[in-house]
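Numbered continuously in the working numbering, the sequence shown closes out at residue 56.
Positions of the beta carbon are idealized from the N, C-alpha and C atoms, including for glycine.
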Amino acid sequence: MLFYEVECFCCKKKFRIYEGSAGYANFKENNQRGKYTCESCSHTIRLEAIFNLLRK
1 MLFYEVECFC CKKKFRIYEG SAGYANFKEN NQRGKYTCES CSHTIRLEAI FNLLRK
């Protein structure tokens, strides 16, 4: 299985993007210097966005 190791821009930990995922396709097609988040940071960001939307 193919993968790339990238750094999460939130927590600065290295994680793997595996072949077949949306992040892998984005990494291969568009840019390899983009900003990527790990699963836990992605979940936290999504929850914060939902909470901020509901507050308004």
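Spatial distance of residue i from residue j (CA atoms)
i	j	result
Y24	F3	8 Å
Q32	A49	26 Å
F51	S42	14 Å
L47	M1	31 Å
Reduced DSSP secondary structure (H/G/I, E/B, other) of residue i
i	result
K14	strand
E5	strand
Candidates the options, of which the one nearest residue i by Cα
i	options	result
C8	F51, T37, L54 and Y18	T37
C11	K56, R55 and I45	I45
Close Cβ partners of residue i (< 8 Å) along its chain, the five nearest in sequence each way excluded
i	result
L53	none
K14	E5, V6, E7 and C8
Y18	M1, L2, F3 and Y24
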